[in-house]
Amino acid sequence: MRLATIDIGTNTAQLLVVEIQNGSVNRLRAVERFVRLGEGVDENGRITDAAQNRLLDVLRDHRETARDFGVHQLVIVGTSALRDAANRDDVLNRIQNALSLDVDILSGDAEAALGFAAACSAFDDLTGHCLVVDVGGGSTELIAGTNPSLHAPDYGDAITSRSSLDIGCVRLTERCFSDQPPPDAEIDEADRLIEQALQDGTLSVGPDPTIIGTAGTATALALVDAGSDSTWNALRGGDFSLSHADVKEWRDRLLQLSVDEIRLLHPEAMEGRADVFTVGVMLLDHILNHVDRDSLRVSPHELRHGLALEWHTRNSPPVKVS
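For the sequence shown, this note's numbering gives the first residue as 1044, with consecutive numbering after it.
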């Protein structure tokens, strides 16, 4: 059978189409579209009409893609922006009325469990403790635990500690930066807010953890750092890492570049994220400092993969998503 999942985040609405056959889950199509749904939510607490219109257009396209692939099941979830918006119910009703699509709002715990399972599923060699770092548009999730495949489909049982920081690359950029490159005072304020959020968190990480970066910021930085399209094959194979020194170097470089210059670093990877990428890399730098680790592995699997993984493992033995 064929399954499609859609993850509606603060910055993107991502589609994954998979085929479930002979006990495995195989990717047929993955599409990332930028909607900037959370634009202004931090300031006004509401999703704007313009953002809703962008979302409807993208969901309509995703629905058609799913139909073209002949999917039997479509699972759609919303995360930070929809959780936080005062007009969430109005947005959900508008989606239902316009497209006849139901959207489930994931709790922070459910999002963490699925994201953790998805990120770890890219690797066959995980042992001991892991820390998954997911820099989103509205929030940053830090999830510590052990190999989730041992707990499928109840992935939350693998988590030993988590911290949800109310700062993502979109939200913090809107809050701190008036321009790119930003003036020193705005950089200092962003650094202060990130460090404060990390210090206020209650994360407890086990000894000698493997740090895994997932979602847009980490994968985009991997592509920019390597400067090669072949990097995506390495990412899909669970075989790409970034040193902390690399992350620091990119942080310093990005803080000196304009949005147009950042976009030119890797036009495909920077599509829809060039203006918030700098803050995303700043977050990665601070997190690696906070946990005192010198590298992170980059996982190409995100929440949409976790949704497919959970759906399948509730009906058959656990597998790796390819």
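C-beta atoms are modelled at their ideal positions from N, C-alpha and C, and glycine is treated no differently.
Your pair Ala1124 and Leu1080 checks out as a contact, with CB atoms roughly 5 Å apart and the cut at 8 Å. In this structure Ala1141 is exposed. Its beta-carbon is surrounded by fewer than 16 other beta-carbon atoms within 10 angstroms.
If you ignore the 5 residues before and after Pro1226, its C-beta comes within less than 8 Å of no other C-beta in its own chain. In the three-state scheme derived from DSSP, where H, G and I count as helix and E and B as strand, Gln1057 is classed as strand. The bridge partners DSSP lists for Gln1139 come to none. For the 9 Å CB-CB criterion, Asp1085 and Gly1181 form a contact. By the C-beta criterion, the stretch 1142-1152 is judged not to be in contact with the stretch 1227-1236, since fewer than 3 inter-stretch pairs fall below 8 Å.
By the Cβ neighbour-count rule, Pro1191 is buried, with 16 or more other Cβ atoms within 10 Å of its own. Counting only runs of at least 4 residues, the stretch 1110-1188 fully encloses the following alpha helix (DSSP H) elements, listed from N- to C-terminal order: 1123-1127, 1131-1142 and 1151-1163. Rounded to whole angstroms, Asp1050 and Leu1346 show a C-alpha spacing of 7 Å. If you ignore the 5 residues before and after Val1118, its C-beta comes within less than 6 Å of the C-beta of Thr1048 and Leu1350, all in its own chain and listed in chain order. Classified as buried, Asp1268 has 16 or more neighbouring CB atoms from the shown chains inside 10 Å of its CB.
Secondary-structure assignment with DSSP links Glu1075 through a beta bridge to Gln1057. For Thr1253, the uninterrupted beta strand (DSSP E) segment begins and ends at Thr1253 to Thr1257. For Thr1216, no beta strand (DSSP E) run applies; the uninterrupted alpha helix (DSSP H) run containing it begins and ends at Cys1212 to Cys1219, by DSSP. Met1325 sits buried, since 16 or more C-beta atoms from the chains shown fall within 10 Å of its C-beta. The DSSP-derived three-state label of Glu1062 is strand. For Ala1047, the secondary structure class from DSSP, reduced to helix, strand or coil, is strand.
Classified as buried, Gly1179 has 16 or more neighbouring CB atoms from the shown chains inside 10 Å of its CB. Residues of the same chain with a CB within less than 8 Å of the CB of Arg1089, apart from the 5 flanking positions on each side, are Gly1083, Ala1128, Ala1129 and Asn1130 in chain order. For Thr1203, the enclosing beta strand (DSSP E) starts and ends at Ile1202 to Leu1208.
Pairing Leu1098 with Asp1133, the inter-Cα distance amounts to about 13 Å. The stretch 1303-1315 makes no contact with the stretch 1337-1345, as fewer than three CB pairs between them are under 8 Å. Excluding five sequence positions before and after Asp1251, the CB atoms of its chain that fall closer than 8 Å to its own CB belong to Gly1171 and His1172, given in chain order. A straight-line Cα-Cα distance of about 32 Å links Arg1336 and Leu1058. In this structure His1115 touches Leu1046 by the C-beta definition: roughly 7 Å separates them, less than 8 Å. Around the beta carbon of Gln1095, 16 or more other beta carbons sit within 10 angstroms, so the residue counts as buried. The beta carbon of Val1248 is closer than 8 Å to those of His1172, Leu1174, Ala1187, Ser1204 and Val1334 in its chain, skipping five residues each way along the sequence.
Boundaries of the beta strand (DSSP E) harbouring Val1341: Ser1338 to Val1341, taken from the DSSP string. Note: Ser1284 is bridge-paired with Arg1340 in the DSSP secondary-structure output. The shortest C-alpha to C-alpha distance from Ser1207 to any of Asp1177, Ala1261, Val1146 and His1287 is the one to Asp1177.
For Gln1064 and Ile1237, the gap between their C-alpha atoms comes out near 44 Å. Rounded to whole angstroms, the separation of the alpha carbons of Asp1111 and Ile1210 is 37 Å. Assignment of Arg1070 by DSSP, reduced to helix, strand and coil, places it in the strand class.
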